[in-house]
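Residue numbers (the numbering used here), protein chains in the order written: chain A, 1 to 464; chain B, 465 to 1007. For glycine and all other residues, C-beta sits at the position ideal for the given N, C-alpha and C. What follows is one structure encoded as structure tokens, with my remarks underneath.
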Amino acid sequence: MSNEIPNNVNLESDQQLRRALAGWHPHYLEWWREVGPEGFDASRVYLRTAISVSAEGWANYGYVRMQDYRWGIFLAPEVMDRRIGFGDHYGEPVWQQVPGDHRKELRRIIVTQADTEPASVEQNRLLGKTAPSLYDLRNIFQLNCEEGRHLWAMVYLLHRYFGRDGREEADELLYRRSGNPDHPRILNAFNAPVRDWLDYFCFSMFSDRDGKYQLAALAESAFDPLSRTTRFMLTEEAFHMFVGESGIQRIAARTADVMLQKDRDDLFELGVIPLGVLQKYINYWYTEALDLFGGEDSSNAATYFAAGLKGRFQEDDYPEHLALDQTYELRKPDGSIEKIPMRRAMNAVLRDAYVEDCHRGLRRWNRELEHRKIDARLYLPAVCFNRKVGAFAGLPCDPWGKILRREEFERRRSEWLPTEEDRARVAAVMKPVYEPGRIANWIAPPAKGIGGKPGLEFEYVQFN
Amino acid sequence: MSEISFETEPSRYRHLRLEADADRARIILKVDENGGLRPDYLLKLNSYDLGVDIEIADAVNRLRFEHPGVSVVTLTSGLSDVFCAGANIFMLAGSDHSFKVNFCKYTNETRLAMEEASALSGQRYVAALNGVCSGGGYELALACDEIWLVDDRRSAVSLPEIPYLGVLPGTGGLTRLVDKRKVRRDIADVFVTLAEGVRGERALAWDLVDALIPRSRFAEAVEQRVDKLVAARDSGRAARRGIVLDLLNPAARENEIRYRHLTLTLDRARRLAELRIDGPAAVEPIPADAAQLGADWYPLRLFRELDDALLRLRFNHPEIGLVAVRSTGSLDRVLALDHQLHAHRDDYFVKEVLLLMRRALKRMDLTAKSFFALIDDESCFGGFLLETALAADRIYMKSSGKTAIATSVLNGGALPMPNGLSRLATRFLARPEHAARLASEASRFDAERAMAAGLVTAAPDELDWDDEIRLAIDERLSLSPDALTGMEASLRFAGPETMETKIFGRLSSWQNWIFQRPNAVGPRGALKLYGRPESPQFDWHRT
């Protein structure tokens, strides 16, 4: 088994881990067959496979059938004499085993993170049928395989460090299903349907970016195996962000080009996606992702920080690492400020770093519009808009943070969030394109290809 | 905190909805986050404080009187994915000791009232857990006959008090687990130390729940199961006509709370209260449909008033150390009424009144104040009213030739204490035949005979009475209130243990001990630091 599974965790000599994986692996493959990408079992995909953590090893390109993808277990190399970087144990050596008193919290953190990985594979499973190009088709499959590998990474931690409970949790990860009414995924954004490629790009831009920030916070963890696992996952996650961000950018660019050429009456009729509809999708997915950070005032967040389980984004950049006697100022839509003890506000601190990152993407999209001298601009809605979790949950705010009367909010909801009609019209323009050198009408070609290959001309997916 | 009122009605509920059909009812918990009794905590995730529990208690009581046709009550939540997160921790952490104790006691009484409704009024309770159910939430479920849990791979039942807070599940959780559900002790040990709880098949295998219900068909499947339970019940119930329980609305003044049949007078300087019961002014015949007597019927009204007065004493007047219990009125009329109660005890309405009397008297048994019953020339302690004297720690009867008390058959077991025995049987634990004879012979006693029969503690004569009573009261009030609470609780409940006595006994010994210890409430105690950035530090010595 260890020959097939690339790893740097001594799988060949670890009896306990081999036993656990021997039970889980067949179920994983079954799960992939059942809810992995549908309709492409026979296709050979030009994929990147990690076979080691070295610079040469983690990015090997070649054609593989997805069910033969070599999902592996990799930890970033151990840092000698690594010390706990924050919280009550600041400065003590990191832990190589799970401390008994933090077992439940660590397990919960790992299971919650792990659950998102198979969920996104499930959410994407039908999108191959409407891919705008072979390049995009290949990218979604790359992401799916890597989400699968990230699940492996988390399952490794559960199997290796959490005993029987860990094995049960690992089984449950394959049992829950995105959007299933009886056994849904843990976080709601991962139960929301991803129905078209616009959903998918927004999801990769916003929801996957939440994942990046969660992983970055866990990379600071005092539990070293978690830190090393997530550090390696982050190297792959960067590409996921790129897919989402560049996808939206290419849509904006294409729409802008068509707007310059033609009458602007009905862009859907012209086979592209109006900026207003793109904006509604952004509004929806961005705010769903904000909910993923959890409540702004959270005793769990305080516990995780105090115990050294989950830090801040790039914790080293903070001037001090105890975060006691400080307060976080949460600005409310009515202009008032709520002061929250800093440790309890760690979800909000992480979210703020995320929001800033999202704005960088937004600026790139708007540059496409600026270049073409188009006045319209995309925006990110206020953090209090369309929220279901935390301090702003249920507030009837417009996207600029103004509180409305509830009737007005409900009446105008369709101005700001995708309607069924919007979705139907988006779906109507999304005709699949599977030939090298061609791309769907609604999206601009990529600036460059993958693994040194050209963007459109290369046959990223071979159908057999 | 301002004075707490224990009276409410469905139109005033802030935290739950009571929906009653002819044969079934639903209590739907949807706690108003901002509706706490104090402003220093939010009632998130259906967590509860005393205000929420008062509404639950009110709903449970009203179901018995106002909806007697109901045979199955479903307790569920109006929030998605959350049933109930238990007692609000920030409320507990911010409460003083006596409030915490009284809060736990009250919630326990509410849970026991649910169990009594099931056992004796034929109203079964079902907990339909549509989401996370932890701590006091699971204890609430444990008080139900059946627990049905949504099987969504997420929702767990848990008692995380020990791992999270360093205190016990204080509302009978541990006792009900092993005594009522008969969960094996080692499984219970694992369960109550597992902060995240147990879900799905394992919860079923460990007997922590009785059924698993798929999430997508939850409401429908619950209704189908309720249909079955309803069908298995006595079909005659549906014809019962309920009554409306109006609010008591006592006239509360600085030192007096005046109800229709009862007056509570407070002498705060002396830490002394007087609870005076006025006997019935008339005894009307009981109609064929006894429920026509309604909420104004003397015994119902009086014992609702007594219940309310006891709760006010507990929560609003912690400084009161001793309650003198008096009565005025015609002993003959009391006994005539007593006879009616016994004769019509099979009528559902009369039975409910007897059960309410029983709960109020138990509330008295469990109140941490000294009670002295004072029997003078005006008194009318007979039959059911004699129970209010027998519940007292001491009984003084004036030896004047004009005083009298009377036993009746109702003293023989219709109004048992938490230990399952009548107050007479507990009083005469060594002489059960004496206790039985006193009840069955139903005779009157002057002071001399009462002394001889062991019914009273002392019988001073007219000349000594005032001084004797004053001295006894002053002496009592000079003793340590803590020692008195412990002493009274030890002496009141002689005889066998029941689940009820275990619950209260362990609450007052273990939980109240833990509530005082630095490991829970010290500056680095687990309860104090819950939800705060710091972690608790324990003194590791076992006691």
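Closer than 7 Å by beta-carbon distance: list the chain A residues that pair up with residue 659 of chain B, in chain order. Position 195 of the second sequence, counting from 1, holds the residue named residue 659 of chain B. Per Cβ cutoff of 7 Å: 104.
Can you list, in chain order, the stretches of the beta strand (DSSP E) that have 3 or more residues and sit fully within the segment 155–193 of chain A? none
Given a cut-off of 7 Å, decide if residue 492 of chain B and residue 481 of chain B are closer than it, judged by their beta-carbon atoms. Position 17 of the second sequence, counting from 1, holds the residue named residue 481 of chain B. Position 28 of the second sequence, counting from 1, holds the residue named residue 492 of chain B. A contact, by the Cβ cut-off of 7 Å.
Along chain E, in chain order, which residues have C-beta atoms closer than 8 Å to that of residue 541 of chain B? The structure shown contains no chain E; the protein chains it does contain are A and B.
Identity of the residues DSSP links to residue 787 of chain B by a beta bridge: For the purposes of this step, residue 787 of chain B is taken as residue 323 along the second sequence, with counting starting at 1. Paired residue(s): B:737 and B:835.
Between the segment 157–180 of chain A and chain B, which residues of the former have a C-beta closer than 7 Å to a C-beta of the latter? 172, 175 and 176
Mind pulling the chain B residues with CB within less than 8 Å of residue 299 of chain A? Along the first sequence, one-based indexing puts residue 299 of chain A at 299. Within 8 Å Cβ-Cβ: 994, 995 and 996.
By Cβ distance below 6 Å, which residues in the same chain neighbour residue 240 of chain A in space, the five residues on each side in sequence not counted? Numbered from its first residue, the first sequence carries residue 240 of chain A at position 240. So the qualifying residues of the chain are 143, 204 and 208.
Helix, strand or coil, according to DSSP, for residue 386 of chain A in the structure here? By 1-based counting over the first sequence, the position of residue 386 of chain A is 386. Three-state DSSP puts residue 386 of chain A in coil, outside helix and strand.
Near residue 967 of chain B, what residues of its chain come up, given a Cβ to Cβ distance below 7 Å and the 5 sequence neighbours on each side ignored? Against the second sequence, residue 967 of chain B aligns to sequence position 503. Closer than 7 Å at Cβ, skipping near neighbours: 572, 636 and 639.
Please give the ranges of any beta strand (DSSP E) in the segment 518–558 of chain B, keeping only runs that are unbroken, at least 3 residues long and fully inside the region. 536–541 and 545–548
Answer yes or no: does any C-beta atom of chain A fall closer than 7 Å to that of residue 617 of chain B? In the second sequence, the residue the question calls residue 617 of chain B occupies position 153. So, interface residue.
Less than 7 Å between CB atoms is the rule here; does residue 115 of chain A satisfy it with respect to chain B? If you number the first sequence from 1, residue 115 of chain A lands on position 115. By this cut-off, residue 115 of chain A is not an interface position.
Are residue 308 of chain A and residue 222 of chain A touching if we call contact CB-CB under 7 Å? Taking the first residue of the first sequence as 1, we reach residue 308 of chain A at position 308. Taking the first residue of the first sequence as 1, we reach residue 222 of chain A at position 222. Their beta carbons are under 7 Å apart, which means residue 308 of chain A touches residue 222 of chain A by this criterion.
Can you name the residues that DSSP bridges to residue 731 of chain B? For the purposes of this step, residue 731 of chain B is identified with residue 267 of the second sequence, where counting begins at 1. DSSP output for residue 731 of chain B lists B:736 as bridge partner(s).
I'd like to know whether the C-beta atoms of residue 1000 of chain B and residue 988 of chain B end up nearer to each other than 7 Å. For the purposes of this step, residue 1000 of chain B is taken as residue 536 along the second sequence, with counting starting at 1. For the purposes of this step, residue 988 of chain B is taken as residue 524 along the second sequence, with counting starting at 1. The answer is yes: Cβ separation under 7 Å.
With DSSP as the reference, identify every bridge partner of residue 7 of chain A, one or two as the case may be. Here residue 7 of chain A refers to the residue found at position 7 of the first sequence. Bridge partners of residue 7 of chain A: A:73.
May I ask you to report which of helix, strand or coil DSSP gives residue 95 of chain A? Taking the first sequence and counting its residues from 1, one reaches residue 95 of chain A at position 95. Note: residue 95 of chain A maps to strand in three-state DSSP.
Quick one: Cα of residue 597 of chain B to Cα of residue 444 of chain A, how far? What you label residue 597 of chain B is simply residue 133 of the second sequence in a count that begins at 1. What you label residue 444 of chain A is simply residue 444 of the first sequence in a count that begins at 1. Approximately 51 Å between the Cα atoms of the pair.
Short-range partners of chain A found in the segment 675–689 of chain B, where Cβ spacing is below 9 Å: 678, 679, 680 and 681
State the beta-bridge partners of residue 909 of chain B as determined by DSSP. By 1-based counting over the second sequence, the position of residue 909 of chain B is 445. B:869.
Backbone CA spacing between residue 856 of chain B and residue 886 of chain B [nearest angstrom]: Counting from one through the second sequence, the residue named residue 856 of chain B turns up at place 392. Counting from one through the second sequence, the residue named residue 886 of chain B turns up at place 422. In a straight line, the C-alpha of residue 856 of chain B is about 14 Å away from that of residue 886 of chain B.
By Cβ distance, which residues of its chain are closer than 7 Å to residue 1002 of chain B, with the 5 residues on each side in sequence left out? As a position in the second sequence, residue 1002 of chain B is number 538, starting the count at 1. Excluding positions up to five away in sequence, the list reads 983.
Local conformation of residue 2 of chain A per DSSP, three classes: For the purposes of this step, residue 2 of chain A is identified with residue 2 of the first sequence, where counting begins at 1. Reliability fails at residue 2 of chain A, whose pLDDT of 49 lies under 50, so the model's placement of it is uncertain and no value is given.
At which residues does the alpha helix (DSSP H) containing residue 891 of chain B begin and terminate? Taking the second sequence and counting its residues from 1, the one referred to as residue 891 of chain B is at position 427. Element bounds for residue 891 of chain B: 887–891.
With 7 Å as the threshold, decide whether the Cβ of residue 999 of chain B is near any Cβ in chain A. The sequence position of residue 999 of chain B within the second sequence is 535, counting from 1. Cβ-Cβ to chain A under 7 Å: yes for residue 999 of chain B.
Candidates B:613, B:805 and B:519, of which the one nearest residue 755 of chain B by Cα: Here residue 755 of chain B is taken as the residue at index 291 of the second sequence, counted from 1. Of the listed residues, the one whose Cα sits closest to residue 755 of chain B is B:805.
Is residue 447 of chain A helix, strand or coil by DSSP? Counted from its first residue, the first sequence places residue 447 of chain A at position 447. Coil at residue 447 of chain A, not helix or strand.
Cβ pair residue 281 of chain A, residue 418 of chain A closer than 7 Å: As a first step, residue 281 of chain A must be located in the first sequence, where it is residue number 281. As a first step, residue 418 of chain A must be located in the first sequence, where it is residue number 418. Yes. Within cutoff.
Below 8 Å on the Cβ atoms is my contact criterion, and I expect residue 376 of chain A with residue 288 of chain A to pass it. Report the Cβ-Cβ distance as a whole number of Å. Residue numbering aside, residue 376 of chain A sits at position 376 when the first sequence is read from its first letter. Residue numbering aside, residue 288 of chain A sits at position 288 when the first sequence is read from its first letter. Incorrect: roughly 24 Å between the Cβ atoms, too far for contact.
Outcome for residue 563 of chain B when other beta-carbon atoms lying within 10 angstroms are tallied against a minimum of 16: Within the second sequence, the letter at position 99 stands for residue 563 of chain B. Classification for residue 563 of chain B: buried.
Have a look at the DSSP bridge pairing and note the partners of residue 60 of chain A. Counting from one through the first sequence, the residue named residue 60 of chain A turns up at place 60. Answer is A:49, bridged to residue 60 of chain A.
Report the CB separation of residue 433 of chain A from residue 440 of chain A in whole angstroms; it is logged as a contact under 8 Å. Within the first sequence, residue 433 of chain A is the residue found at index 433, counting from 1. Within the first sequence, residue 440 of chain A is the residue found at index 440, counting from 1. Their Cβ separation, rounded to whole angstroms, is 5 Å, which keeps residue 433 of chain A and residue 440 of chain A in contact under 8 Å.
Take residue 294 of chain A as the anchor and find which of A:357, A:189, A:389 and A:374 has the nearest alpha-carbon. In the first sequence, counting from the first residue as 1, residue 294 of chain A sits at position 294. The shortest Cα separation from residue 294 of chain A among A:357, A:189, A:389 and A:374 belongs to A:389.
Could you check whether the Cβ of residue 312 of chain A sits closer than 7 Å to any Cβ belonging to chain B? Here residue 312 of chain A refers to the residue found at position 312 of the first sequence. Chain B contact via Cβ: absent.
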